[in-house]
Amino acid sequence: MPRTIIVGDVHGCRDELAALLEHIGLVTSDRVVMVGDLVVRGPDPCGTLDLLREVGAISVRGNHEDRLLRWHAGKGDPRGEPLGEMSKVTARLLRKRDWAWLETLPYWIDLPEQGIRVVHAGVVPGLPIERQDPHTLMYVRCLGRYGEPVERRGGKQLWGEAYMGPPHLVFGHNAKPEPQLHPWATGVDTGAVYGGRLTAMVLREGEPVPPPASRLDVLVSVPSRRRYCGKI
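The sequence shown begins at 1 in the UniProt record's numbering and counts up one residue at a time.
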């Protein structure tokens, strides 16, 4: 029976991605979906992209891909921030086929048979997906006092706490030591590049996301080989 495998932020950690897919027992009928931030910070961005293409993975666009693509197109960061050194290292390594593939990444992916929508960072609750600011989809972590999107940690509440669905949102971006389990949202970024774990949600064909009390049953992870940068 084919499965849907939704993988957290891999950040160029190719070996951890390979270990996770091996641990899951990936077969050709499985569908691999990534939550974005495929590259930057980890040791092997090109190897990571090669492996993702090899297994036929699809992905949403993360903030790191977006910044790289803007830089590559000569547009710069909309906030005026220069491209970071780790991003510059990645940009020098990426090949023509990598840039072409990254340019195809959408801001969200719907998996209607599972009742799931995949985004990189999150949403403003109550706003239709077509009206969401792409910047919010790639950067939001929290909500402010009036429900406005906040990029940095320390807002009034996590957006996932306020989101009431449907669909169920699976997201990354906001790295935590453990998965974030909200009634209608699941965060699968468990800080692989920071020495944490690489996590995936694994669902059978047509299987809905379980409630928080039993959701860990469909989450699988492997430990990072080492800390490549920073900390969670």
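Just so you know, even glycine gets a beta-carbon here, dropped at the ideal spot from N, CA and C.
Beta bridge counterpart(s) of residue i as assigned by DSSP
i	result
Gly187	Phe171, Gln180
Asp110	Arg117
Gln157	Leu143
Ala200	Val7, Val220
Ile58	Val33
Val150	Cys142
Residue i burial status per 10 Å Cβ neighbour count (16 or more: buried)
i	result
Gly56	exposed
Arg145	exposed
Cys142	buried
Asp217	exposed
Nearest-angstrom Cα separation, counted from residue j out to residue i
i	j	result
Gly147	Thr28	42 Å
Leu111	Val118	8 Å
Pro82	His64	13 Å
Trp101	Pro134	19 Å
Gly62	Lys96	19 Å
Gly50	Val60	It should be pointed out that residue 50 corresponds to Asp in this sequence rather than to Gly. Straight-line Cα distance between these residues: approximately 17 Å.
Lys231	Arg152	16 Å
Glu54	Pro208	27 Å
Arg227	Val220	20 Å
residue 233	Pro167	Look at the range of the chain in this structure, 1 to 232, and you will see that residue 233 is not part of it.
Val205	Ala185	Strictly speaking, residue 205 in this sequence is Glu, with Val absent from that position. Taking the straight line from one Cα to the other gives about 19 Å.
Arg131	Glu178	30 Å
Arg215	Met201	9 Å
Asp30	Ile58	12 Å
Best match in the options for proximity to residue i [C-alpha to C-alpha]
i	options	result
Trp108	Ser214, Leu137, Thr199, Leu219	Leu137
Val32	Leu203, Val222, Pro106	Leu203
residue 248	Arg215, Thr199, Pro106	As shown, the chain starts at 1 and ends at 232. That puts residue 248 outside it, with no answer to give.
Pro43	Pro2, Ile6, Met86	Met86
Ala18	Pro210, Leu52, Asp30	Leu52
Glu103	Gly230, Pro45, Thr90, Ala73	Ala73
Arg225	Pro134, Arg97, Leu93, Arg197	Arg197
Asn174	Pro2, Val150, Pro167, Met164	Val150
Pro45	Pro179, Arg70, Pro125, Arg92	Arg92
Val89	Lys75, Trp71, Gly195, Leu105	Trp71
Pro210	Gly126, Ile58, Pro2, Leu169	Leu169
Trp99	Pro125, Asp66, Gly126	Asp66
Gly84	Gln157, Gln114, Arg41	Arg41
Near the ligand COA: residue i beta-carbon under 6 Å from a heavy atom
i	result
Lys176	Inclusion of the ligand COA in the displayed structure is not the case, the ligand content being empty and no account of it being possible.
Does the stretch 10-21 touch the stretch 36-51, meaning 3 or more C-beta pairs lie closer than 8 Å?
Yes, the stretch 36-51 touches the stretch 10-21.
Measuring CB atoms only, is the stretch 191-210 touching the stretch 121-130, in the sense that at least three cross pairs come out at less than 8 Å?
Put simply, the stretch 191-210 does not touch the stretch 121-130. Fewer than three CB pairs are less than 8 Å apart.
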